[in-house]
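Numbering (the numbering used here), first residue to last: 18 to 211. Built from N, CA and C at the ideal position, the CB exists for glycine as well.
Below, the structure written as structure tokens:
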């Protein structure tokens with residue numbers, strides 16, 4: 018299948034989730050992210066504002082603020098994402114494609130320790146398929162080795178393989194409601210994922 022077909026199918030499946038299913042799955046995923054050492058130890062975490070049925074990680078962002086983490090959200094500037102610290106939800110406004118964005122000044126990307134990355138689909142090697150704008154691929158291409166990118170998805174969004182272009186980038190970990198895949202388990206599970 019090509020990227021467009023996979024994107025349409027995955028977006029359709031996300032849309033078919035009932036609000037209760039989406040909340041239950043999102044809660045299970047948030048609980049798995051919360052216990053990851055990459056999350057617990059990070060002091061500056063880039064979140065995203067859920068859009069079009071993405072996993073809802075907002076409650077985790079507000080929890081992170083309460084324990085003293087610097088919480089950042091993306092804002093579209095031209096063809097790039099910049100990440101801006103927020104102290105509460107009132108600092109978010111409707112922005113690109115109606116997605117809530119911060120109006121605060123951005124933090125240099127190299128200061129961010131952990132990126133929580135949405136996706137339409139992920140594959141067994143950590144590659145992701147997004148909405149098609151390339152925003153997160155550009156972010157991931159600038160990620161330093163000391164920074165972690167954690168893909169967040171429903172389990173049905175995890176596929177054996179995705180078609181790839183030269184600009185497609187990998188995440189370091191993938192968390193779904195059923196499993197947590199690290200680079201080692203991603204490699205070993207390659208043949209077992211449907």
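| residue 76 by DSSP, collapsed to three states: which one? | helix
| query | Does DSSP classify residue 50 as helix, strand or coil? | reply | helix
| field | Alpha carbon of residue 137 to alpha carbon of residue 88, nearest angstrom | value | 23 Å
| said: Please report the straight-line C-alpha distance between residue 55 and residue 130, rounded to a whole angstrom. | reply: 9 Å
| said: So for residue 158, helix, strand or coil by DSSP? | reply: helix
| task | With DSSP collapsed to three states, give me the class of residue 181. | result | coil
| What are the boundary residues of the beta strand (DSSP E) that includes residue 110? | 109-111
| request: State the DSSP-derived secondary structure class of residue 214, mapped to helix, strand or coil. | output: Outside the shown range of the chain, which is 18 to 211, sits residue 214, and nothing can be said about it.
| query | Skipping 5 residues on each side, what residues in its chain have a beta carbon closer than 6 Å to that of residue 207? | reply | For residue 207, the predicted model reports a pLDDT of 45, less than 50, meaning its position is unreliable; a value from the coordinates is still stated below. Contacts found: 141.
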